[in-house]
């Protein structure tokens, strides 16, 4: 069974202080059920090899803590086989250890090879994690969980940092694992549509279940909300009748049915308006663009032997909506740095127009000078009003912005370090869009962002009159907000593809796989 659970910010897996967590009831895990968990961030760079990481080894210090574990036995076998000088005696001992327990070592060895092949990690087995890109380390983390052959696999934003090909590979693996239950927090709607057969929604402290994929979820939620509205309307009509009855002359109060009075108070409580649901609203009030926006002419760039761009030429026009796609490490983020002048080319010219005002949403997030700073204080100091002054002199405007970006009043005085990943992203979005850019650059904007925020951002971008350049592997998002793609094919080659990311993915990934 494949179960995909989506929540507002994926806060279930956030690291929070234990004393802040309070719950009733029991959580039981049978002894014979194994659980593997893949965090949303890639494995940290370290000196251990990919092969070791696939076996669940966290560091070189912990590698020999349990020499009798099946994973350590497989590691030892790998080391003997890969030694510079072959040792017959060591090989015989390692092979004998692999045979123990009914050949458990060989089962793990075979599973590791299978997963490494399917996730295209074969050529990286001897590499240290410190030499891998974020996307490669994320694939290793996923592989390490799958090698355990868990009964339950917990995935927190599994498509973050992955390129299109890796997402498709992961989708295929999950779909093929019929005996494994998968519980996944994700806001990649295309991924949801492909792999899930049930969606669990957490809304205002209540859990709602929907059978089917993301499309079925949307239909089910729409039906639930319409039903809730009908029930509430009926309750209000009944409450109105009961209220008229309760307002009869005081002299008759003693004769009123006690049961009916209690029913009234219960109905009154049920019909009371719920706490206002904060919906993200983004004001589209961008700056005017002149005739000359940004021109790139015969631009080339190399890092050592790696060619990022080779004689690239393009003139950006008002209304351009461009998706930047390509494999991890091919140079997409470097391209964005060149557009904004943070990275100079080896040759060619990049000429921005005088009226261009960049808005840059970086996938690395906001750099906070002080994590103990409170949210409201950050907004007042870092976000600028239209006249260029900070909002410290306009506290009401800062409050309004926080409400627009789904920060309840209870969170305004929260310290930044206590914010979830999704809340930090909303704070970043606030600081970028309130500058009224007319050339907007979004680098992986869907990572750690909830569906309400995505929906509001998509509506904002649909009305955006400036230039939009996006790096993202989220097919659903890119399809909705872009009209053509810059496809980085490697070796400095960039193809201008007129069409959707889904069309491109279907035509190219099928050939590669």
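Numbering (full-length UniProt numbering), first residue to last: 1 to 513.
Where is the CB? At the ideal position from N, CA and C, for every residue including glycine.
Just so you know, these numbers come straight off a predicted model, no measurement behind them.
Closest by C-alpha distance to residue 297, out of 447, 291, 309 and 289, is 309. From the listed residues 119, 335 and 444, the smallest Cα separation to residue 486 is found for 335. When beta bridges are read from the DSSP output, residue 296 appears opposite 314 and 350. Excluding the 5 residues flanking it on each side, residue 29 has same chain C-beta neighbours closer than 8 Å at 35, in chain order.
For residue 131, no alpha helix (DSSP H) encloses it, and the DSSP letter there is neither H nor E. In the DSSP assignment, residue 184 falls within the unbroken beta strand (DSSP E) covering 181-185.
The beta carbon of residue 363 is closer than 6 Å to those of 443 and 444 in its chain, skipping five residues each way along the sequence.
Under DSSP, the beta-bridge partners assigned to residue 484 are 322 and 498. Under the DSSP assignment, residue 33 falls outside any alpha helix (DSSP H); it carries neither an H nor an E label. With fewer than three CB-CB distances shorter than 8 Å, the stretch 170-186 does not count as touching the stretch 201-218.
When DSSP states are grouped into helix, strand and coil, residue 205 belongs to the coil group.
For residue 48, the three-state secondary structure derived from DSSP is coil.
Counting every other CB atom within 10 Å of its CB across the protein chains shown gives residue 219 a total below 16, marking it as exposed.
Closest in alpha carbon position to residue 452, among 475, 504, 496 and 405, is 405. Counting C-beta pairs closer than 8 Å gives three or more between the stretch 472-487 and the stretch 324-338, which meets the contact rule. For residue 102, the enclosing alpha helix (DSSP H) covers residues 88-118. In this structure, residue 151 and residue 33 form a Cβ contact; the two beta carbons are roughly 5 Å apart against a cut-off of 8 Å. The beta-bridge partner set that DSSP reports for residue 164 is empty.
Taking a contact as a CB-CB distance under 8 Å, the pair residue 441 and residue 316 does not count as one, their CB atoms being some 11 Å apart.
The Cβ atoms of residue 311 and residue 295 do not sit closer than 8 Å to each other.
Within the same chain, 297 come within 6 Å of residue 349 by CB-CB distance, once the 5 residues on both sides are set aside. According to DSSP, residue pairing for residue 359 in a beta bridge involves 440. When DSSP reads this structure, residue 474 sits in no beta bridge, so it has no partner. Straight across, the Cα-Cα distance linking residue 57 with residue 48 is about 8 Å. Rounded to whole angstroms, the separation of the alpha carbons of residue 344 and residue 197 is 48 Å. Judged by beta-carbon spacing, residue 164 lies within the 8 Å limit of residue 505, meaning their Cβ atoms are closer than that value. A straight line joining the alpha-carbon of residue 102 with that of residue 79 spans about 22 Å. Here DSSP, grouped into helix, strand and coil, assigns residue 303 to strand. About 5 Å separates the beta carbon of residue 50 from that of residue 125, a gap short enough to meet the 8 Å contact definition. A direct Cα-to-Cα measurement between residue 156 and residue 40 gives close to 5 Å. Put simply, of 190, 189, 161 and 194 the residue whose alpha carbon is nearest the alpha carbon of residue 174 is 194. Under the three-state reduction of DSSP output, residue 504 falls in the helix class. When DSSP states are grouped into helix, strand and coil, residue 156 belongs to the strand group. In the structure shown, residue 490 falls within a strand segment according to DSSP collapsed to helix, strand and coil. Each residue's CA atom was taken as its position, placing residue 331 and residue 42 some 19 Å apart. Buried is the label assigned to residue 159, since at least 16 other Cβ atoms lie within 10 Å of its Cβ.
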